[in-house]
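Visitor: Structure below; questions to follow.
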Amino acid sequence: MSDKPAPESPREGELDRRALLIKAGQAGAGAVAVGALAGTAKAAPSRRGAAVPTGGRVTWALEQDPVHIAPFGATLTANHWGKAPMYESLIEWDSKLNQHPALAESWKVVDKRTVDFTLRKGVRFHNGKELTAADAKYSFDLMENPPVPGSPVVKLTAYVAVEGTEVRSKYVLRVKLKNSDARLFGHLAWNRYTPIVPEGMYQQVNAGRQGIGTGPFKLVEYQPNSHVEYVRNQTYWKKGRPYLDALTMKVLPDEQARVAALRSAAIDGGTFNADSASVLGRDRNLRVLKGNTAAFRELQFTIKKGENKPWHDKRVRQAVNFAINRQEIIDKVYGGNGNYSGHVPPGYGPWPLSQEELKTKYLKFDLKKAQALMKAAGQSGGFSVTLTTFSTPLDFAQVASVMKQQLKRINIDVNIVAQEPGTFGSANGRGAFDWDLTARGMRGDVDGYLAEFNPSAAIFNVWYPEYKNVKVWRLVGNGKIQLDQAKR
Numbered sequence: 001m002s003d004k005p006a007p008e009s010p011r012e013g014e015l016d017r018r019a020l021l022i023k024a025g026q027a028g029a030g031a032v033a034v035g036a037l038a039g040t041a042k043a044a045p046s047r048r049g050a051a052v053p054t055g056g057r058v059t060w061a062l063e064q065d066p067v068h069i070a071p072f073g074a075t076l077t078a079n080h081w082g083k084a085p086m087y088e089s090l091i092e093w094d095s096k097l098n099q100h101p102a103l104a105e106s107w108k109v110v111d112k113r114t115v116d117f118t119l120r121k122g123v124r125f126h127n128g129k130e131l132t133a134a135d136a137k138y139s140f141d142l143m144e145n146p147p148v149p150g151s152p153v154v155k156l157t158a159y160v161a162v163e164g165t166e167v168r169s170k171y172v173l174r175v176k177l178k179n180s181d182a183r184l185f186g187h188l189a190w191n192r193y194t195p196i197v198p199e200g201m202y203q204q205v206n207a208g209r210q211g212i213g214t215g216p217f218k219l220v221e222y223q224p225n226s227h228v229e230y231v232r233n234q235t236y237w238k239k240g241r242p243y244l245d246a247l248t249m250k251v252l253p254d255e256q257a258r259v260a261a262l263r264s265a266a267i268d269g270g271t272f273n274a275d276s277a278s279v280l281g282r283d284r285n286l287r288v289l290k291g292n293t294a295a296f297r298e299l300q301f302t303i304k305k306g307e308n309k310p311w312h313d314k315r316v317r318q319a320v321n322f323a324i325n326r327q328e329i330i331d332k333v334y335g336g337n338g339n340y341s342g343h344v345p346p347g348y349g350p351w352p353l354s355q356e357e358l359k360t361k362y363l364k365f366d367l368k369k370a371q372a373l374m375k376a377a378g379q380s381g382g383f384s385v386t387l388t389t390f391s392t393p394l395d396f397a398q399v400a401s402v403m404k405q406q407l408k409r410i411n412i413d414v415n416i417v418a419q420e421p422g423t424f425g426s427a428n429g430r431g432a433f434d435w436d437l438t439a440r441g442m443r444g445d446v447d448g449y450l451a452e453f454n455p456s457a458a459i460f461n462v463w464y465p466e467y468k469n470v471k472v473w474r475l476v477g478n479g480k481i482q483l484d485q486a487k488r
């Protein structure tokens with residue numbers, strides 16, 4: 001295993017500060033299918049191949065407040081936006097999702113249930129402490145039992161079958177698995193739930209508002225609903241990085257406030273909806289980039305024991321699926337910029353269904369079929385349901401509004417309740433909803449998009465305890481342990 005970090009990781013490639021804005025923007029808002037317009041605007045084109053300038057500050061707009069920046073147990077994507085610059089994991093991805101050493105300079109698969117990670121020597125946390133295997137073990141323990149404000153639902157074994165860890169020496173951590181698990185390395189490379197923090201950090205700082213990592217930037221302060229401020233880590237282990245002296249993420253949930261801030265140079269970039277991006281694109285001083293993201297929008301049902309709601313009948317769920325005209329949503333909400341998405345987003349390796357399959361078969365708009373399914377389920381008269389969603393970004397409520405009109409055609413009366421992100425995330429994690437218009441995001445392994453449909457997942461018993469499909473259970477369960485990618 002090479003000890004070289006990823007050559008094109010989010011913090012590594014040949015990026016000038018302007019290209020950094022492009023990278024950040026690509027992690028932004030998604031669509032009803034994967035990747036509506038994730039528009040980002042900046043002041044000038046990138047200069048690939050030129051010498052990379054160093055220094056300076058960047059202010060980037062966030063659509064949502066992170067709510068907290070604790071490293072473990074967060075449910076909101078905005079939490080990751082807020083904390084990512086200061087934390088790293090044992091492995092990292094490059095821009096093509098290839099895995100490379102990060103805080104671990106190498107690793108060895110001892111057997112199908114045992115992996116030894118050798119840590120990079122001389123890496124220091126932002127408080128000056130050297131990284132050791134004891135810190136890694138402490139972090140793995142917290143991944144499994146996230147302290148408040150983290151959610152216990154978002155624990156390590158919900159994603160990877162880790163049995164425990166053992167400090168083998170100052171720089172070697174052994175990870176023991178309950179069984180062969182193909183998800184371990186990707187989950188670590190994803191980094192979202194696997195930061196490495198110094199031993200005892202939760203006793204030293206308020207982890208919801210403060211943090212100590214090894215990343216390229218050191219936290220100055222997090223002011224909820226205002227900003228997250230970082231400065232350059234002068235002792236960062238990747239020599240010459242980061243390029244910037246400082247990075248500020250300013251919380252601006254209001255779309256027009258972000259537009260005004262960009263035009264006045266109060267921010268250097270941000271994520272915008274299709275309408276705003278179209279207008280901004282006509283400004284010669286700005287540059288708009290758009291592309292797909294992994295944050296597809298998803299209509300989610302709970303299927304709980306003893307409730308016997310209309311959608312517990314799969315024919316009703318199928319009717320809802322066929323009654324939704326996704327192209328209409330893409331056109332009306334995202335200006336025509338978007339793709340259809342199954343539960344694995346387009347572009348995620350070899351796993352997604354093709355656009356043709358989705359549009360002509362699985363996600364085809366077919367109102368007559370939807371009406372027939374409602375009739376077969378004894379629901380021709382329809383029913384009323386409350387759909388909760390995010391108040392920001394605004395596209396969630398816009399998508400919900402279009403769906404509300406579409407579902408009227410099969411006599412489903414949808415009551416939309418938009419909630420601030422913290423409230424929505426908490427209720428979603430507890431399963432305290434009937435229907436949610438939510439979003440998925442990046443995952444460390446394809447299983448991350450599918451695991452919730454297997455009873456072994458903790459969240460299954462929160463969201464879908466009454467759902468029964470033995471074939472799906474077996475396929476998802478076997479996929480977790482199958483190391484042969486073709487067979488997976």
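Just so we're aligned, residue 1 is where the sequence shown starts under this note's numbering, counting upward by one.
All C-beta atoms in this analysis are idealised placements derived from N, C-alpha and C, irrespective of residue type, glycine included.
In chain order, what residues of the same chain have a beta carbon less than 7 Å from the beta carbon of Met201, not counting five sequence neighbours either side?
Guide: If you number the sequence shown from 1, residue 201 lands on position 201. The answer, listed in chain order, is Ala207 and Ile212.
Visitor: Under 9 Å between the Cβ atoms of Val402 and Ile329?
Guide: As a working mapping, residue 402 is identified with position 402 in the sequence shown. As a working mapping, residue 329 is identified with position 329 in the sequence shown. Against a cut-off of 9 Å, the Cβ pair of Ile329 and Val402 comes out as a contact.
Visitor: Smallest Cα separation from Gln64: which of Ser384, Asp395, Tyr171 and Met86?
Guide: Stepping through the sequence shown from its first residue, residue 64 is reached at position 64. The residue with the shortest Cα to Cα distance from Gln64 is Asp395.
Visitor: Could you give the distance in angstroms between the alpha-carbon of Gly479 and the alpha-carbon of Asn469?
Guide: The count along the sequence shown starts at 1 and reaches residue 479 at position 479. The count along the sequence shown starts at 1 and reaches residue 469 at position 469. Going by the C-alpha atoms only, they are around 16 Å apart.
Visitor: Does DSSP classify Leu188 as helix, strand or coil?
Guide: By one-based count along the sequence shown, residue 188 stands at place 188. In this structure, Leu188 counts as helix in the three-state DSSP scheme.
Visitor: Would you mind listing the beta strand (DSSP E) stretches within the stretch 206 to 276 that are 3+ residues and don't spill past its ends, in chain order?
Guide: Listed in chain order, they are 217 to 223, 227 to 232 and 246 to 251.
Visitor: Is the beta carbon of Leu286 sitting closer than 9 Å to the one on Ala61?
Guide: Residue mapping note: residue 286 aligns to position 286 of the sequence shown, counting from 1. Residue mapping note: residue 61 aligns to position 61 of the sequence shown, counting from 1. For Leu286 and Ala61, no; Cβs fall outside 9 Å.
Visitor: Using CA atoms only, rank isn't needed, just tell me which of Gln406, Ile69, Gln405 and Asn179 is closest to Lys112.
Guide: Walking along the sequence shown from the start, residue 112 turns up at place 112. Checked all of Gln406, Ile69, Gln405 and Asn179; the closest Cα to Lys112 is Asn179.
Visitor: I need the straight-line Cα distance from Asn415 to Pro310, nearest angstrom please.
Guide: Counted from its first residue, the sequence shown places residue 415 at position 415. Counted from its first residue, the sequence shown places residue 310 at position 310. So the alpha carbons of these two residues sit roughly 16 Å apart.
Visitor: So, under 8 Å CB-CB, Met374 and Ile410 are touching, yes? Tell me the CB distance rounded to an integer number of Å.
Guide: In the sequence shown, the residue the question calls residue 374 occupies position 374. In the sequence shown, the residue the question calls residue 410 occupies position 410. Rounded, the Cβ-Cβ distance is 5 Å, consistent with contact.
Visitor: Whole angstroms are fine: how far does the CA of Pro152 sit from the CA of Val205?
Guide: Walking along the sequence shown from the start, residue 205 turns up at place 205. Walking along the sequence shown from the start, residue 152 turns up at place 152. Distance between the alpha carbons of Val205 and Pro152 is about 20 Å.
Visitor: What does the alpha-carbon distance come out to for the pair Lys359 and Ile267?
Guide: The sequence position of residue 359 within the sequence shown is 359, counting from 1. The sequence position of residue 267 within the sequence shown is 267, counting from 1. The straight-line gap from Cα to Cα measures roughly 39 Å.
Visitor: Would you call the stretch 222 to 233 and the stretch 358 to 372 touching, i.e. three or more CB-CB distances under 8 Å?
Guide: No, because fewer than three Cβ pairs between the stretch 222 to 233 and the stretch 358 to 372 fall closer than 8 Å, the two stretches do not touch.
Visitor: Counting only the same chain and skipping the five closest in sequence on each side, list residues whose C-beta sits under 6 Å from that of Trp190.
Guide: Reading the sequence shown from its first residue, position 190 is the one you call residue 190. Closer than 6 Å at the Cβ level, and outside the excluded window around Trp190, lie Gly444.
Visitor: Let me check understanding here. Comparing Cα to Cα, which of Ala246, Ala400 and Glu163 lies closest to Glu298?
Guide: On the sequence shown, residue 298 is found 298 positions in, with the first residue counted as 1. Residue Ala400 is the option with its Cα nearest to Glu298.
Visitor: For the ligand MN, is there a heavy atom less than 8 Å away from the beta-carbon of Asn337?
Guide: The ligand MN is not among the ligands present in this structure, which contains no ligands whatsoever.
Visitor: How about Leu156 and Phe117: are their beta carbons less than 9 Å apart?
Guide: For the purposes of this step, residue 156 is taken as the residue at position 156 of the sequence shown. For the purposes of this step, residue 117 is taken as the residue at position 117 of the sequence shown. No, Cβ-Cβ distance for Leu156 and Phe117 is not below 9 Å.
Visitor: So, for Ala136: in the same chain, excluding its five sequence neighbours on each side, which residues have a beta-carbon less than 6 Å away from its beta-carbon?
Guide: On the sequence shown, position 136 is the one that residue 136 refers to. So the qualifying residues of the chain are Leu173 and Ile196.
Visitor: Would you tell me roughly how many angstroms separate the C-alpha atoms of Thr77 and Thr248, rounded to the nearest one?
Guide: Counting from 1 along the sequence shown, the entry for residue 77 is found at position 77. Counting from 1 along the sequence shown, the entry for residue 248 is found at position 248. Cα-Cα distance, rounded: 18 Å.
Visitor: Any idea which residues DSSP pairs Ser169 with across the strands?
Guide: Here residue 169 refers to the residue found at position 169 when the sequence shown is read from its first residue. Looking at the DSSP assignment, Ser169 forms a beta bridge with Val172.
Visitor: With DSSP as the reference, label Thr157 as helix, strand or coil.
Guide: Numbered from its first residue, the sequence shown carries residue 157 at position 157. Three-state result, Thr157: helix.
Visitor: Enumerate in chain order the residues of its own chain whose CB-to-CB distance from Glu8 is below 6 Å, with the five nearest sequence positions on each side excluded.
Guide: Locating residue 8 in the sequence shown gives position 8, counting from the first residue. Model confidence at Glu8 stands at a pLDDT of 42, short of 50, so the residue's coordinates are unreliable and nothing is read from them.
Visitor: Using 8 Å for Cβ pairs, my map puts Val476 next to Ala451. What's the rounded Cβ distance?
Guide: Your numbering for residue 476 matches position 476 in the sequence shown. Your numbering for residue 451 matches position 451 in the sequence shown. Their Cβ separation, rounded to whole angstroms, is 7 Å, which keeps Val476 and Ala451 in contact under 8 Å.
Visitor: Which stretch, first to last residue, makes up the alpha helix (DSSP H) that contains Gln419?
Guide: Along the sequence shown, read from residue 1 onward, the residue named residue 419 stands at position 419. That residue, Gln419, is in no alpha helix (DSSP H); its beta strand (DSSP E) goes Ile412 to Gln419.
Visitor: Could you check if Thr388 is buried or exposed, using at least 16 other CB atoms within 10 Å of its CB as the buried criterion?
Guide: Within the sequence shown, the letter at position 388 stands for residue 388. The residue in question, Thr388, is buried, as its Cβ has 16 or more Cβ neighbours within 10 Å.
Visitor: So the candidates are Met86, Phe460, Asn461 and Pro455; which of them puts its Cα closest to the Cα of Arg241?
Guide: On the sequence shown, position 241 is the one that residue 241 refers to. Comparing Cα positions, the closest option is Met86.
Visitor: Distance, Cα to Cα, Tyr340 vs Asp436?
Guide: Translated into the one-based positions of the sequence shown, residue 340 becomes position 340. Translated into the one-based positions of the sequence shown, residue 436 becomes position 436. Distance between the alpha carbons of Tyr340 and Asp436 is about 19 Å.
Visitor: From what residue to what residue does the alpha helix (DSSP H) around Leu142 run?
Guide: Residue mapping note: residue 142 aligns to position 142 of the sequence shown, counting from 1. Counting along the chain, the alpha helix (DSSP H) containing Leu142 begins and ends at Ala133 to Glu144.
Visitor: Taking the Cβ atom as the reference point for each residue, do Arg171 and Leu119 lie within a distance shorter than 9 Å?
Guide: Along the sequence shown, one-based indexing puts residue 171 at 171. Along the sequence shown, one-based indexing puts residue 119 at 119. The question names Arg, but residue 171 in the sequence shown is Tyr. Against a cut-off of 9 Å, the Cβ pair of Leu119 and Tyr171 comes out as a contact.
Visitor: So Val288 is in the beta strand (DSSP E); what residue range does that whole segment cover?
Guide: By one-based count along the sequence shown, residue 288 stands at place 288. Segment Arg287 to Leu289, the beta strand (DSSP E) holding Val288.
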